[in-house]
Structures are given as structure tokens and as C-alpha cells.
Amino acid sequence: MEKPYRRRDLLGIRELSAAEIKGILDTAENFREINSREIKKVPTLRGKTVINLFFENSTRTRTSFELAAKRLSADAVNISVSSSSVSKGETLVDTALNLDAMDPDCIVVRHGSAGVPHQLAKVSRAAIVNAGDGANEHPTQALLDAMTIREHKKKINGLEVAIVGDILHSRVARSNIHLLTKLGAKVRVAGPGTLVPNDFASLVESGLEVCPHAEEAIEGADVVMILRIQRERQDSAYFPTLREYAIHYGLTNERLDLARKDAIVLHPGPMNRGIEIASEVADSSRSLILDQVKYGVAVRMAVLYLATGGSMGG
Amino acid sequence: MKLLISNGHLIDPAAPENTGMNVLIEDGTVSAWLKASDGVPEGCEVFDASGLLVAPGFIDLHVHLREPGQEHKETIASGCAAAVAGGWTSVCPMPNTNPVNDNAAITRYIIEQAEHAGLANVFPIGAITKSSDGSELAEMGEMKAAGAVAVSDDGRPVPNAGIMRRAMQYAKDFDLPVIDHCEDKSLSAGGVMNEGKMSLLLGLKGMPALAEDIDAVRDIILAKDTGAHIHIAHVSTKGAVEAIRRAKNEGINVTCEVTPHHFTLTDRSVEGYDTNYKMAPPLRSDADLEAILEGIKDGTIDAIATDHAPHHHDEKALEFDRAPMGITGLETGIGLAFNELVHKGIISLERLVELCSTNPARIFKLAGRGTLTPGSIADVTLIDPDLVWTYRNADSRSKSRNSPFDGWQFTGRAVATIVAGRLVFQSERPE
Chain A
1 MEKPYRRRDL LGIRELSAAE IKGILDTAEN FREINSREIK KVPTLRGKTV
51 INLFFENSTR TRTSFELAAK RLSADAVNIS VSSSSVSKGE TLVDTALNLD
101 AMDPDCIVVR HGSAGVPHQL AKVSRAAIVN AGDGANEHPT QALLDAMTIR
151 EHKKKINGLE VAIVGDILHS RVARSNIHLL TKLGAKVRVA GPGTLVPNDF
201 ASLVESGLEV CPHAEEAIEG ADVVMILRIQ RERQDSAYFP TLREYAIHYG
251 LTNERLDLAR KDAIVLHPGP MNRGIEIASE VADSSRSLIL DQVKYGVAVR
301 MAVLYLATGG SMGG
Chain B
1001 MKLLISNGHL IDPAAPENTG MNVLIEDGTV SAWLKASDGV PEGCEVFDAS
1051 GLLVAPGFID LHVHLREPGQ EHKETIASGC AAAVAGGWTS VCPMPNTNPV
1101 NDNAAITRYI IEQAEHAGLA NVFPIGAITK SSDGSELAEM GEMKAAGAVA
1151 VSDDGRPVPN AGIMRRAMQY AKDFDLPVID HCEDKSLSAG GVMNEGKMSL
1201 LLGLKGMPAL AEDIDAVRDI ILAKDTGAHI HIAHVSTKGA VEAIRRAKNE
1251 GINVTCEVTP HHFTLTDRSV EGYDTNYKMA PPLRSDADLE AILEGIKDGT
1301 IDAIATDHAP HHHDEKALEF DRAPMGITGL ETGIGLAFNE LVHKGIISLE
1351 RLVELCSTNP ARIFKLAGRG TLTPGSIADV TLIDPDLVWT YRNADSRSKS
1401 RNSPFDGWQF TGRAVATIVA GRLVFQSERP E
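Chains A and B supply the protein sequences, listed in that same order.
Oh and the first sequence: position 245 is 245 in my numbering, straight run, nothing missing.
Heads up: take any position in the second sequence, counting from 1, add 1000, and you land on my numbering.
See the structure below:
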């Protein structure tokens, strides 16, 4: 059977068609069941090698990719490079070529600089999977968010989704905006003016609206997605204090009441409780933050499977 | 020694009545224009320029030759070899060497190295402030005496308006143009490409056009106040072009240059995160490109300068946001000018020569250059306007390979370059 998406690399959601996105999500559904078995391992990727190349700290995403590879019986190697290639004296291309020379089937890469997966894909024979690149994209996060939304709303087309926070620097926001608008959702974004550029709506052809306040974005939403505030932004004078941010943009029960009664809350983690999300919301039944993490493994199993040449019949 | 350039199509905007003239060169100087019927003077070599444009030597107001200090990227000799291969008989290197060209000794060293190379003329640009750190004025008078033709702090533009004003007041006494790379770094800090839809889409930090606009407007106000000559380097924004047009209409002493990449490419080229599309100022939007072309057409823009900025492959093969800014340009500038300006009907051949020779000579006050009228220095650029050729980084004379135009096909190329009467470059011409 044909692969649900054509490229072996997964560099971003922007490059994918709606059919390709649905194909990945459907494949992920097939893998979900494995994660609830007593013996959580299938031989699908036996003999395949996956390198997790992480230039940025990550617990959740790296563990999720590692488990995904191992549950499919691939050999997974984790490389954490705390410093950049510059300080090692090796160029990015050299790093890629060295790893590629060991014939991995797939390199999962996270890097603080946008575009690194694209640069590696040009020189590497292994499939490149983007696990987050700077402020560009985090495609598997958007896919697991979509899986979570589909599970609870049974569809994505026609939904209204609010995304609140540091839109400018968020790869999660970008990937989600591409995915959700491609699948027919309406997305409204809000955050401080310093973090939500006026012309941000031009990012996609249609389906994206920039709202002046969190309230307008959240009102009537089916899904409320809250972004993590990176504390270093405060030092760059994007907003005065975390306190003021929490007052104006934090997701409290009062703000969430503006959304539809059955609205769900997503957060890519790790959460700053009491800043972008109140604990009462984070811990409520409407918050699906742990579901997101759970589905992340299935989504990454699907992505690794497809990236290493797996087919639906295999 | 005598050399007659015959049968060519002479283009000299400084002396437009020149149809059919042959150029006679004696001892490095243009001695006369001869008609074909005058024949060949005795003991004279002949350069048959049939089918070629014969233009006063092209002068690149803005290059980086990296010597002293970064000879792994470029040397004065390798940069000059690239220059003459690209049709430039003179180049003006920016002072951001290591150490910075902020004193006469370094200015003299650069000129000596250029003399050793014996290819293009090199007219150094001195620093505005010591070490180009924006605080104390450099010894402009001494540098001028040593051969500097202008002053600039290049990519580290003087942020303090008070110091810039003093620099202009001081430079004016020495008749030195003050060149500014217009960028208010409080607005562009950390940026790696143009701010706009593409930077949002690619998740890269933007450098807003207004960072250039604001600095250009500041400089124009200071030029009006001081009466100094401000030359705006590599104009890239609609706002700056418009500000310069207004200033010229007001009679303020302002000139400007544009790079071939800014009249050719836009920020959409950054899409693949190829670091050979990273430079400062960055590639801008469609609207900016249109404004640049309009400025080239209506005379707001005075000169084409390449901003040849060689960087070693190891430095460019990095993450997009970590790679250095700049691309090479000496060997592709004329090809791009033909492709994008001449062949598209935006400018005439006369205007091309004005942009690359007549005006640059006027802006930096290079006496005896920018024209081939009898008595001028015999710097000549000979161009085949119909030659179809492909630029390859691998064939570049530069020590660096950081051009985004690798593999581009051009129609129009400098096929021979004469400096002070001496043939310093000649390409193989297809039969």
C-alpha cells in the first residue's frame, strides 16, 4: 500500500498536504493500541537504526521518540549535544555527514536554530525528522495535538481553536497553525503585541485571525491551546513582568468560561503553573495535557515507521 | 608602449559624442580618440574589440578584501584577481580588516599589497572611528594623505548621532565622503533576515526595513546640517530609496549605491535556509525590490557596488542564524546587471556605464577615472553584451565560494580588463 505521505523526511507541517497529514494521523491510530499492550513491542522496525540528535535540552520529546523507536524494535541512539556545533569546532554539515556515515535509517533532530533539519536533509542519506527547530516548526507536536483533538472532538474541520501566548517565538504555534488550517479549523491567536506581529495572519492563506486580547480568541473556542512562556523573553523586554502577563493572558477558569462548554485545553509543556495557565485549569478534566503526551508516542511511532520506509501493509 | 582599442562600441557617458571612435592608449593614459579612417599609428598594438562594448573601467565602491587579518577568506591579490575577472578595474575595500583600517599605516599597507598584486586599482576606505567602535574619530586626514578615498565604519555603523555629526563636520574639511551602512541596531539586533512574512514563516528573527530607513533619514538630516557628503551604502529598502530621492530633490549632498543581489533577489530566496542568502542588509520584499528598480531607473541610485564579502566555507556551513553575513559578488555583478537591468529594458547601456564607472568615480572623486576622454587614466572594461556564460563557484578567483549564483546563466560578461593601459584579464572567447 502507498505511503500516506510522499516524503521520507518530516521537516515541517507546512510542506505537507491535508491528505498527508491525515495519513500520518491514521497510521498513528493503528499504532496506539501497541502502547496499551502488556508487551509493548512489535518487530516492525527491527534492524533499523534511529539517531536522536538533540542540540537542545528535552526530556519529554526525546523520551517519546526513544520509546517510539524501541517499541517498534528499532535500535535507538541518543546524542545530546548541549553546546552548538560552533563551540565544538565542527560545522553542522560535518556533524551530519559523520552521523550519516554510520548508515542510520533516520535522524531525529532538535536544534535551537530554525532550518537545521532542512540543512541536514540536503546532505544526509538518512531520513530527517524534525523534533523542533528554533522558532520554525515542531511537526510531531502539532500531530499529537491533532490526534488529541480528533480523539475528543471526532473531527478538526470546522473547529474553532484559540492559541494564546508567545506566538512569535513558538514553533508549536507555527506547526499547529499550518496543520489546523490545512484540515479546515479556524485559528485565532492572541498574546502581547510584542509577541504577536500584526501581519501574522499572512502566515497562511486563510483561516487565521489575530485577536487583540486573549478573551476574543478564547470566546466560543472548541479548543484552547496555551503556549509556554519562556522566562528569558521577559529579560528581552517583550513584556514587563510575569505577573502582568499572568493577569492579562493567563488561562484562568474565568477566561476558559468564555469558550464553549465542552472546550478542551491543550498545553505543549512544560507548564509554568500560575503564569500562562492556572493550576485549577491545568488539573481540571478539560485539560488534556497528559493525553497529549500519551499520544505523542503513537504519533512518533507512525512518523518513524513512515520515515524509514514502512508501508501500511508491513 | 601604445595600444589601440579598435572596432569596439565606445560608451562614455562623460563624452557622449563618441560613435565609432577607437581609443589610443599611450603609457597608461588615453592619448587620443581616432577614427577608423585614421588607421593604426606606427608601433602600436591593436586590441580588436569587434562586437564589444568599450567602457571606462568599472569601479566597485564597496568590497571586502579581508587583508590584513582574514587571509583565509580573501587576500588583496585574490580579491583583485576576482575583480578584474569580473570587469572591475578599481575596488574600494571597506576598513573592517583586522586590525581595522583606522590609521595611515594600514591604509599604506593595503595599497602596497595591491601594487604587489598588480591587477586592479585599490582605493581603501578608512574607518570613521578608531577600531570602528563608534567612540573616537580616526585620523581621517592622515588616512586621506596615505590614499584613503572615503571613510566608513561599515557594518558597525556609528550609533551615536552626536559622533556621526562630528565625523561629518570633520570629514568635510578633508573632502572625504562619509559612507554609512544604515542600520539602527537597536531595531535589528539578533536579526538574520528581512522582517516580514517570510521571517514569520521560517521562524527566523527579522531585521526590519525601518532599521535602515531610520538610520538613512538620520544621516540625511546630519548631511543637511553639516554640508558633508553622505554616501548611503547598499540601499535595500523602499523607505531609504524614497528618503534619498527627497533629499536629492532638496539639494542635500547625498549619494547611494545598490548591490546586484538587492536588485535581483528577495527574501523568498531564504526559504531553503541556504546561508548564501544571508547578508546585511538582508534580501528584502517585492515592494522594496520594485522601489530599488525605480530608483535605478530614475537616477536616485547613483552606483552599483557588489559588497563582495567573502567568507570561508567552514564559516558559512553553519546554522542559518549562526553563519556570517555576506556573499561574494565581484564576478557576478556585471552578469546580474545585464540579466536583470539591461536585458529587461530597465536601463540603457549608457546608464549601466554611468552606474558602474562614471558615477563611482565622481562619488569618490577619483580624478582621471570614470571616463576615457583623452588625458584620462587608461582603465578600460571590455564587455561582450551577448556572451552567454554560466558562473561556477568552483571557477571563482576569490578564495571563498559563498555566492548564491552558482550555476546561474548570464548574458553579458566582461571579456577583457585593462588597468592603466595594461591588459590584466582576458577571458577565452568562444569562436
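Quick reminder that beta carbons are idealized off the backbone N, C-alpha and C, glycines included.
#1: Who are the near neighbours of F239/A in its chain, counting only those whose CB is closer than 8 Å to its CB and skipping five residues on each side?
#2: Less than 8 Å between the C-beta atoms of E1212/B and P1310/B, yes or no?
#3: Rounding to the nearest angstrom, what Cα-Cα distance links D262/A and L256/A in this structure?
#4: Whole-angstrom Cβ separation of A69/A and L45/A, contact assumed at under 8 Å?
#5: Quick check: V224/A and A146/A, are their CB atoms within less than 8 Å of each other?
#6: Given a cut-off of 8 Å on the beta-carbon distance, is the pair G1051/B and D1302/B in contact?
#7: Output yes or no for whether 8 Å exceeds the beta carbon distance between I51/A and P104/A.
#8: Taking the alpha-carbon of L10/A as reference, which of E219/A, V42/A and E137/A has the nearest alpha-carbon?
#9: Tell me, which residues are paired with A1416/B by DSSP?
#10: Whose Cβ in chain B lies nearer than 9 Å to the Cβ of E137/A?
#11: Using a Cβ cut-off of 7 Å, which residues of the segment 1264-1282 of chain B contact any Cβ in chain A, in chain order?
#12: Hey, how far is the Cα of Y1170/B from the Cα of G1295/B?
#13: Between the Cα of L1372/B and the Cα atoms of K1197/B, C1182/B and M1021/B, which residue gives the shortest distance?
#14: Is the Cβ of D1286/B closer than 8 Å to any Cβ of chain A?
#15: Could you spell out the range, first to last residue, of the beta strand (DSSP E) harbouring K41/A?
#16: By the criterion of Cβ-Cβ separation under 7 Å, what are the contact partners of Q119/A in chain B?
#17: Using DSSP bridges, identify the partner residues of G1206/B.
#18: Between L258/A, L183/A and R243/A, which lies nearest to G220/A when the distance is taken from Cα to Cα?
#19: Would you identify the three-state DSSP class for L1065/B, choosing helix, strand or coil?
#20: Given a limit of 7 Å on CB to CB distance, which residues of the segment 1177-1209 of chain B reach chain A?
#21: Any idea if I24/A is buried or exposed, counting beta-carbon neighbours within 10 angstroms, 16 or more meaning buried?
#22: What does a CB cutoff of less than 7 Å around G184/A pick up in its chain, not counting 5 residues either side in sequence?
#23: List, in order along the chain, the chain B residues whose C-beta lies closer than 8 Å to that of T91/A?
#24: Restricting to runs no shorter than 3 residues, where is the beta strand (DSSP E) found entirely within the segment 95-131 of chain A?
#25: Verify the CB distance criterion: does L1321/B have a CB-CB separation below 8 Å to chain A?
#26: For P1177/B, name the three-state secondary structure that DSSP assigns.
#27: Would you mind telling me which residues of chain B sit closer than 7 Å to A185/A, beta carbon to beta carbon, in chain order?
#28: Hey, which unbroken runs of the alpha helix (DSSP H) at 4 residues or more fall wholly within the segment 1109-1162 of chain B?
#29: So which of D1386/B, Q1426/B, N1402/B and A1367/B has the shortest CA-CA distance to T1029/B?
#30: For I1296/B, does the three-state DSSP call read helix, strand or coil?
#31: Residues of chain B with CB under 9 Å from V189/A, in chain order?
#32: Does any residue of chain B have a CB that is nearer than 8 Å to the CB of L16/A?
#33: May I have the straight-line CA-CA distance separating L1003/B from T1089/B, to the nearest angstrom?
#34: Who are the Cβ neighbours of G1141/B in its own chain at under 6 Å, not counting the five residues just before and after it?
#35: Using a Cβ-Cβ cut-off of less than 7 Å, list which residues of the segment 225-252 of chain A approach chain B; keep chain order.
#36: How about M1198/B and D1267/B: do their beta carbons lie closer than 8 Å?
This is what the structure holds:
#1: Closer than 8 Å at the Cβ level, and outside the excluded window around F239/A, lie P192, T194, L195, R233 and Y245.
#2: No. Outside cutoff.
#3: Computed Cα separation, rounded: 10 Å.
#4: With 8 Å as the limit, A69/A and L45/A qualify as a contact, their Cβ atoms being about 7 Å apart.
#5: Not a contact, by the Cβ cut-off of 8 Å.
#6: In this structure, D1302/B does not lie closer than 8 Å to G1051/B by Cβ.
#7: Yes, these two residues count as a Cβ contact at 8 Å.
#8: It is E137/A.
#9: Bridge partners of A1416/B: L1382/B and Q1426/B.
#10: Under the 9 Å cutoff, chain B gives G1203.
#11: Within the segment 1264-1282 of chain B, the residues whose Cβ lies closer than 7 Å to some Cβ of chain A are G1272 and Y1273, listed in chain order.
#12: Each residue's Cα considered, the two are about 30 Å apart.
#13: Minimum Cα distance to L1372/B is reached at M1021/B.
#14: For D1286/B, the answer is no, since every Cβ of chain A falls outside 8 Å of its Cβ.
#15: Where K41/A is concerned, there is no enclosing beta strand (DSSP E), because DSSP gives it neither an H nor an E.
#16: In chain order: Y1273.
#17: Its beta-bridge partners are M1193/B.
#18: The candidate whose alpha carbon is nearest that of G220/A is L258/A.
#19: Three-state result, L1065/B: coil.
#20: Correct list: K1197, L1200, L1201, L1202, G1203 and L1204.
#21: By the Cβ-count criterion, I24/A is buried, with 16 or more other Cβ atoms from all chains shown falling within 10 Å of its own Cβ.
#22: Excluding sequence neighbours, G184/A sits near I156, N157 and G158.
#23: Within chain B, the residues near T91/A are D1314, A1317 and L1318.
#24: The beta strand (DSSP E) runs of length 3 or more contained entirely in the segment 95-131 of chain A are, from start to end of the chain, 106-111.
#25: Per the sequence presented here, residue 1321/B reads as Asp, with Leu not at that position. Look at D1321/B: its C-beta is under 8 Å from a C-beta on chain A.
#26: It is coil, neither helix nor strand.
#27: Under a criterion of Cβ atoms nearer than 7 Å, no residue of chain B is adjacent to A185/A; the nearest Cβ is some 19 Å distant.
#28: Taken in chain order, the complete alpha helix (DSSP H) segments of 4 residues or longer contained in the segment 1109-1162 of chain B are 1140-1146.
#29: Residue nearest to T1029/B within the set D1386/B, Q1426/B, N1402/B and A1367/B is A1367/B (criterion: CA-CA distance).
#30: It is helical.
#31: What V189/A touches in chain B: nothing, since even the nearest Cβ is about 12 Å away.
#32: No, because no Cβ of chain B sits closer than 8 Å to the Cβ of L16/A.
#33: The alpha-carbon of L1003/B is positioned some 17 Å away from that of T1089/B.
#34: Only residues of its own chain outside the window of five on either side were considered, and among them F1174 have a CB closer than 6 Å to the CB of G1141/B, listed in chain order.
#35: Contact residues of the segment 225-252 of chain A toward chain B are absent (C-beta to C-beta distance below 7 Å).
#36: Going by C-beta atoms, M1198/B is nearer than 8 Å to D1267/B.
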